[in-house]
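Structure record follows, encoded as C-alpha cells.
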Amino acid sequence: GSVRSCFEVTNASCDPCPAAWTTTVQRMKFSSCQFLLALALGAGAHAGTPSAAEKPNIIMILSDDFGWGDAGWHRPDDWEEQTTPRMNEIVAEGVELDRHYAFKYCSPSRSAMQTGRHPIHVNVMNTDPSYVNWDDQVSGYAGIPRNMTGIAQVMKRGGYSTHMVGKWDVGMATPLHTPAGRGYDSSLSYFYHTNDYWNFTVDDDFGAGPQGCESLEEGESIYDLWVKEVDGDEGPAIGLNNSIDGCYSGDGAFPEDDVEGNCMYEDALFQTRALKIVNDHDLSQPEHPLFLFYAPHIVHEPLQVPEDWLAKFDFMTDDDDDNNRQRYNAMVHFLDSAIGNVTDAVKARGMWDNTLIVFSADNGGPVYRNGTPGANNWPLKGGKAANWEGGIRVNAWAAGGFIPPAMNGKKLNGLVTLWDWYATFARLAGEDPTDLVAEEAGLPAIDSIDVWDYLSGAVDYSPRREMPVGAPSGWHDVWGGVKLNTSVVGIIYDDRNHTTGTGGLWKLLVNGESMAIWQGPKYPNATSAAGFGELGLSPEAIFEDCNEGCLYKLDEDPHEISDIADQYPDLLAELQAKSQAYNETVFSPDRGTAQTIACDAAQGPWANFWGPFLNSDGSIMFETTSEGHEVLHLPPVV
Numbered sequence: 028g029s030v031r032s033c034f035e036v037t038n039a040s041c042d043p044c045p046a047a048w049t050t051t052v053q054r055m056k057f058s059s060c061q062f063l064l065a066l067a068l069g070a071g072a073h074a075g076t077p078s079a080a081e082k083p084n085i086i087m088i089l090s091d092d093f094g095w096g097d098a099g100w101h102r103p104d105d106w107e108e109q110t111t112p113r114m115n116e117i118v119a120e121g122v123e124l125d126r127h128y129a130f131k132y133c134s135p136s137r138s139a140m141q142t143g144r145h146p147i148h149v150n151v152m153n154t155d156p157s158y159v160n161w162d163d164q165v166s167g168y169a170g171i172p173r174n175m176t177g178i179a180q181v182m183k184r185g186g187y188s189t190h191m192v193g194k195w196d197v198g199m200a201t202p203l204h205t206p207a208g209r210g211y212d213s214s215l216s217y218f219y220h221t222n223d224y225w226n227f228t229v230d231d232d233f234g235a236g237p238q239g240c241e242s243l244e245e246g247e248s249i250y251d252l253w254v255k256e257v258d259g260d261e262g263p264a265i266g267l268n269n270s271i272d273g274c275y276s277g278d279g280a281f282p283e284d285d286v287e288g289n290c291m292y293e294d295a296l297f298q299t300r301a302l303k304i305v306n307d308h309d310l311s312q313p314e315h316p317l318f319l320f321y322a323p324h325i326v327h328e329p330l331q332v333p334e335d336w337l338a339k340f341d342f343m344t345d346d347d348d349d350n351n352r353q354r355y356n357a358m359v360h361f362l363d364s365a366i367g368n369v370t371d372a373v374k375a376r377g378m379w380d381n382t383l384i385v386f387s388a389d390n391g392g393p394v395y396r397n398g399t400p401g402a403n404n405w406p407l408k409g410g411k412a413a414n415w416e417g418g419i420r421v422n423a424w425a426a427g428g429f430i431p432p433a434m435n436g437k438k439l440n441g442l443v444t445l446w447d448w449y450a451t452f453a454r455l456a457g458e459d460p461t462d463l464v465a466e467e468a469g470l471p472a473i474d475s476i477d478v479w480d481y482l483s484g485a486v487d488y489s490p491r492r493e494m495p496v497g498a499p500s501g502w503h504d505v506w507g508g509v510k511l512n513t514s515v516v517g518i519i520y521d522d523r524n525h526t527t528g529t530g531g532l533w534k535l536l537v538n539g540e541s542m543a544i545w546q547g548p549k550y551p552n553a554t555s556a557a558g559f560g561e562l563g564l565s566p567e568a569i570f571e572d573c574n575e576g577c578l579y580k581l582d583e584d585p586h587e588i589s590d591i592a593d594q595y596p597d598l599l600a601e602l603q604a605k606s607q608a609y610n611e612t613v614f615s616p617d618r619g620t621a622q623t624i625a626c627d628a629a630q631g632p633w634a635n636f637w638g639p640f641l642n643s644d645g646s647i648m649f650e651t652t653s654e655g656h657e658v659l660h661l662p663p664v665v
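Using my numbering, read the sequence shown as starting at 28 and increasing by one per residue.
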C-alpha cells in the first residue's frame, strides 16, 4: 500500500488503548510507514552486479573495548592466561591485520563503519542518543546524520539478506536511525553505549545516560533492547529481556544465587541470535547471500560474566582488589567462544568456502580509572579515549574460505581503517559505494577505500597511504560529551618504499594527549603502569604536550617512545600542513541537547524500553492527551 494508506491505518484512535493493541499499532507504524521512508532515503546509484556465485557471505564482527594486550595472538605462547584460543586458531589460518585503525572510542568508530566515513566526516561525539537539535533535521541528532546511506542499505541493493545483532550506538531519535532504518532486515540491539548484562537496563554509572530523565525515580532504570524481525515487526524486545527478580547483578559478576528461572546473559542472547541467523539462512537462494553485522557487548563495562566463566580465571583473584582483570579476561574468553561457535556454524552449514569474516575492535582497551575497566594494551602506549596507538590501533583479522588460500597465515602491516570495509563490502556486492543521498543533502562523501585487492593478495601494498587522526576539539577531549567542534589532531602517513627500504610509517600528533602511559604485561594488577605509579595519578591525568607537534616513526618505534620531530623539520612541516588541510574538511554539526521526550516515549508507549521518539521528518512521535494518555503523533501526509 501507499505511505498515505498506511498512515491512515495506523492513525486509528482509542482512548484509552489496550497496552497490547497499542504496541501492535506502534509496530505497524514502524514496519510500514517509517520503513517505506527509510527505504526511500536509502535509494542510490546501482552499479553493475556480478553473478550471485561471485558474491560471498559476509560476517562483520565488531567487539567492544578489546585491548591489544588481551588478544592471545599478541601474548607470549607460554602465558597461563590464554583467553582467545579460538581466535588464535582463526588468525593463524586467516589474515592478521596488524595496522588496522579505528577511532579512540565507541560511537564514532561504529558510525564510521556503518557509513564508510572517517569519524571527522560523520561523528566524533559519544553523545546521549536522546540528543536533538530542532533546527537541523538532517544532522541534529546523536550518531549518524539522517541522510547518510548505511552499509546494509548498500548490501541490500546487491541482493544481500541483512541482519544486525548487538550494540548499535549510532543513533536512536527517529526510525531512520534504527538498524531497520539503516537497511537491516532483522536486528536485536541496544541503543546506548552500554547496559547491564543481566537486566539490560541503562544507568549513568558508565556514562551511558539517560540524560534529562527527571521523571525517573531513584533506582529506576529503563530497558535497552530493541528487536526487528524479517517479517517487519519492530519494537521493544518485550519477553527477551530478563525481568525476573534477582537478575539485576549490580556490581557483581553474576546474578544472585537464589534466582528462580533463567537469567539470560546478554552476550549469550546475542550469540544465540547470531547462530540462528546463520543456521536459518536460505542456501537455496544464492542470489541473496548473507550479510551479518555482529556487535557483541563484550568487553565493555560493566564487568559482568557468568560464574562458571569467571571461575576459569580464578588464578587471577589476587591481582587486584576488585578482580577487574579476572572478570575482564573471563569476558574476553566468552567473546572468543562465541566467535568460535559462529565460525563452526558457518562451516557446519557448508558456507565456509564462500564466506568472508572480518573482525575488529572498535577502539583500544580502556585503562583509565586506575585500571578498573580491566583492559590492557601492552606493549602499546595509552588506551581508549586517547590517540596513542593503544587507543586507535586495534585488534583485527579476516578469515573465511573466500580469501584465496595463498593468503592463509599472512600478517598484513599496511594501513587499513574500520571505515574501509564499507567500500570493500560494496565492491564484493557489486555495488557503487558512492552515497548520492548524502550528496543531495550536502553531507560529506565517503572516505572508504576498497582494500579487497590487498586482502586477497592481488596487490602487495595497501592502497591507503594516510589517515587523519580526529577528535573533538579541546585539550582534554576524552569523551566529546559537550559541545565541541570536530578537530584533526594529527595524521598517520605511510611513505614506505618496500623496494628501496626508505621512508617510513609516520605519526604526527598536534594536541595534548592524555593517558601517556605504558602498561605492564599483566596490568591491571598489583604493579603500577610506567609513567604514573609514583605520581599517584590515574592514567587519564597523565598528559603529553604535543601542541607543537610530536612525531613518531611507527615502523621502528611502535610504542611511541621517542618524539623525533626535531630531527625531521621538513617532514614535520609537511605533515602539519596535511593535518591542517584535513582540518578544513571536518563535519561538525550541532547535535543539540538531551530531550525529555525520549524518556516520555520510553516510559509510556514503549513500555519502559528505549526507542525512537521522533518521526522520520523530525516531528514528535508521541503526544500526551489532556487525560494523560500517550498517543501516536504522525506527520502530515504529503
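The C-beta atom is built at its ideal place from N, Cα and C for all residues, glycine as well.
For residue i versus residue j, is the C-beta distance shorter than 9 angstroms?
{"i": "His685", "j": "Asn422", "result": "The shown model of the chain, from 28 to 665, leaves out residue 685, and the question about it has no answer."}
{"i": "Gly517", "j": "Ser606", "result": "yes"}
{"i": "Arg492", "j": "Asp447", "result": "no"}
{"i": "Phe640", "j": "Met152", "result": "no"}
{"i": "Gly96", "j": "Thr142", "result": "no"}
{"i": "Gly686", "j": "Trp379", "result": "It is not possible to answer for residue 686, since the shown part of the chain is limited to 28 through 665."}
{"i": "Phe452", "j": "Phe318", "result": "yes"}
{"i": "Ile591", "j": "Ile569", "result": "no"}
{"i": "Gly167", "j": "Asp196", "result": "no"}
{"i": "Tyr224", "j": "Ala179", "result": "no"}
{"i": "Ala621", "j": "Tyr217", "result": "no"}
{"i": "Arg113", "j": "Asp363", "result": "yes"}
{"i": "His315", "j": "Ser213", "result": "no"}
{"i": "Ser514", "j": "Asn610", "result": "yes"}
Work out the CA separation of residue j and residue i for me, nearest whole Å.
{"i": "Cys290", "j": "Ala264", "result": "15 angstroms"}
{"i": "Phe649", "j": "Arg618", "result": "21 angstroms"}
{"i": "Asp582", "j": "Gly417", "result": "15 angstroms"}
{"i": "Ser90", "j": "Ala372", "result": "19 angstroms"}
{"i": "Asp477", "j": "Leu383", "result": "15 angstroms"}
{"i": "Phe342", "j": "Pro406", "result": "23 angstroms"}
{"i": "Glu108", "j": "His360", "result": "10 angstroms"}
{"i": "Thr110", "j": "Ile85", "result": "25 angstroms"}
{"i": "Val496", "j": "Pro172", "result": "21 angstroms"}
{"i": "Pro585", "j": "Leu578", "result": "12 angstroms"}
{"i": "Ala485", "j": "Asp459", "result": "20 angstroms"}
{"i": "Ser138", "j": "Gln546", "result": "29 angstroms"}
{"i": "Glu261", "j": "His190", "result": "13 angstroms"}
{"i": "Asp480", "j": "Gly367", "result": "26 angstroms"}
{"i": "Gly99", "j": "Glu120", "result": "14 angstroms"}
{"i": "Pro431", "j": "Asn381", "result": "11 angstroms"}
{"i": "Met358", "j": "Ile473", "result": "34 angstroms"}
On the three-state DSSP scale, how would you describe residue i?
{"i": "Asn306", "result": "helix"}
{"i": "Pro323", "result": "coil"}
{"i": "Tyr481", "result": "helix"}
{"i": "Ser157", "result": "coil"}
{"i": "Leu330", "result": "coil"}
{"i": "Leu383", "result": "strand"}
{"i": "Leu463", "result": "helix"}
{"i": "Asn84", "result": "strand"}
{"i": "Asn268", "result": "coil"}
{"i": "Ala425", "result": "strand"}
{"i": "Trp100", "result": "helix"}
Residues bridged to residue i by DSSP?
{"i": "Arg420", "result": "Tyr128"}
{"i": "Phe570", "result": "The partner list for Phe570 (beta bridge, DSSP) is empty, contrary to what the question assumes."}
{"i": "Ser90", "result": "Ala388"}
{"i": "Ser565", "result": "DSSP output for Ser565 lists no bridge partner at all."}
Looking at the secondary structure, which residues open and close the alpha helix (DSSP H) in which residue i lies?
{"i": "Tyr609", "result": "Pro596 to Asn610"}
{"i": "Trp448", "result": "Asp447 to Leu455"}
{"i": "Pro135", "result": "Cys133 to Thr142"}
{"i": "Ile366", "result": "Asn351 to Ala375"}
{"i": "Lys671", "result": "Since the first residue shown for the chain is 28 and the last is 665, residue 671 is missing from the structure and cannot be characterised."}
{"i": "Cys626", "result": "Thr623 to Gln630"}
{"i": "Val118", "result": "Pro112 to Glu120"}
So the beta strand (DSSP E) residue i belongs to, where does it begin and stop?
{"i": "Glu261", "result": "Glu261 to Pro263"}
{"i": "Ser166", "result": "That residue, Ser166, is in no beta strand (DSSP E); it is neither H nor E in DSSP."}
{"i": "Val496", "result": "Glu493 to Pro499"}
{"i": "Met191", "result": "Ser188 to Lys194"}
{"i": "Thr513", "result": "Thr513 to Asp521"}
Does any residue of chain C have a CB that is nearer than 9 angstroms to the CB of residue i?
{"i": "Gly262", "result": "Absent here is chain C; the protein component of the structure consists of one chain."}
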